[in-house]
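Residue numbers (the working numbering): 18 to 215. Where is the CB? At the ideal position from N, CA and C, for every residue including glycine.
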Amino acid sequence: TAEELKLTGTAKAKSFDSVSVLFTDFKNFTNASEHLSPENLVAEINYCYSEFDRIITRHGIEKIKTIGDSYMCAAGLPVTNNTHPYDLVTAGLEIVHFIETLKQERMEKGLPYFELRVGIHTGPVVAGIVGIKKFAYDIWGDTVNTASRMESSGATGKVNISGITHEIVKDKFACTYRGKLDAKNKGLIDMYFVDRLL
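Below, the structure is given as structure tokens:
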């Protein structure tokens, strides 16, 4: 994509038939931010996101962007593979474990702490670069919107996945069925909490 941009000044969008998308969100970010200086808040977020970066890099996952206290990444692009749902669920569990461990450490010291929701969905996306300044690789499509809903419909300390993702990974992860839950602008969607690797 970078080479195409350098050569032509634009980059064609590319469709991917199957990609897994993960969103995280800090539940009590606003509350914690009221007890931290702006410098300390940025330092805390940077500490967390740096560890997220290390986790997803180990699993060959592409970081897409951060938006305030939300972190977004995707597996199965820009190089396609068949392991992306497993890779992303594994990374999601590691991210949750990291934040839960950090939460316990901070609680013991009487310090403010973050709690995290993680949501994952699998499906087709379109990826590419738009605009003319600060080029950023991004992804679009219903899969992205549904992954975001998996996060917002989840619970702190949990990886919440869609029924579609569960159907792919159920042989490798123990999951708890949550039922058909109403996801904003999406209707009822089968959702599962991922408990552990089998």
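Measuring CA to CA, which of the options is closest to residue i?
| i | options | result |
| --- | --- | --- |
| Ser54 | Thr160, Leu214, Leu128 and Lys175 | Leu128 |
| Thr97 | Gly77, Ile206, Ala28 and Ala200 | Gly77 |
| Thr25 | Gly196, Ile149 and Asn162 | Ile149 |
| Tyr154 | Asn162, Val161, Thr160 and Gly145 | Gly145 |
| Lys80 | Val38, Arg166 and Ala200 | Val38 |
| Val161 | Thr41, Ala28 and Glu20 | Thr41 |
| Glu61 | Arg75, Arg123, Gly180 and Glu21 | Arg123 |
| Val106 | Thr173, Lys203 and Cys192 | Cys192 |
According to DSSP, simplified to helix, strand and coil, what is residue i?
| i | result |
| --- | --- |
| Glu143 | One point to set straight first is that residue 143 is Val, not Glu, in the sequence displayed. Correct three-state label for Val143: strand. |
Which residue comes first and which comes last in the beta strand (DSSP E) that contains residue i?
| i | result |
| --- | --- |
| Phe40 | Lys31 to Phe43 |
Please return the same chain residues whose Cβ sits closer than 6 Å to the Cβ of residue i, not counting the five positions on each side in sequence.
| i | result |
| --- | --- |
| Val36 | Ala91, Gly93, Leu94 and Val142 |
| Leu58 | Ser50 |
| Asp34 | Pro141 |
| Ser170 | Leu198 and Ala200 |
List the endpoints of the continuous alpha helix (DSSP H) containing residue i.
| i | result |
| --- | --- |
| Ser50 | Phe46 to Ser50 |
For the ligand SAH, I want to know if residue i counts as a neighbour, meaning its beta carbon is within less than 7 Å of at least one of the ligand's heavy atoms.
| i | result |
| --- | --- |
| Val135 | The ligand SAH is not among the ligands present in this structure, which contains no ligands whatsoever. |
Exercise. At what residue ranges does the stretch 157-214 contain a whole run of the alpha helix (DSSP H), taking only runs of 4 or more?
Worked result: Entirely contained in the stretch 157-214, the alpha helix (DSSP H) runs reaching 4 residues are, in chain order, 159-169 and 180-186.
Exercise. In chain order, which beta strand (DSSP E) runs of at least 3 residues are fully inside the stretch 64-149?
Worked result: Restricting attention to beta strand (DSSP E) runs no shorter than 3 residues, the stretch 64-149 encloses them at 79-84, 87-92 and 133-146, ordered along the chain.
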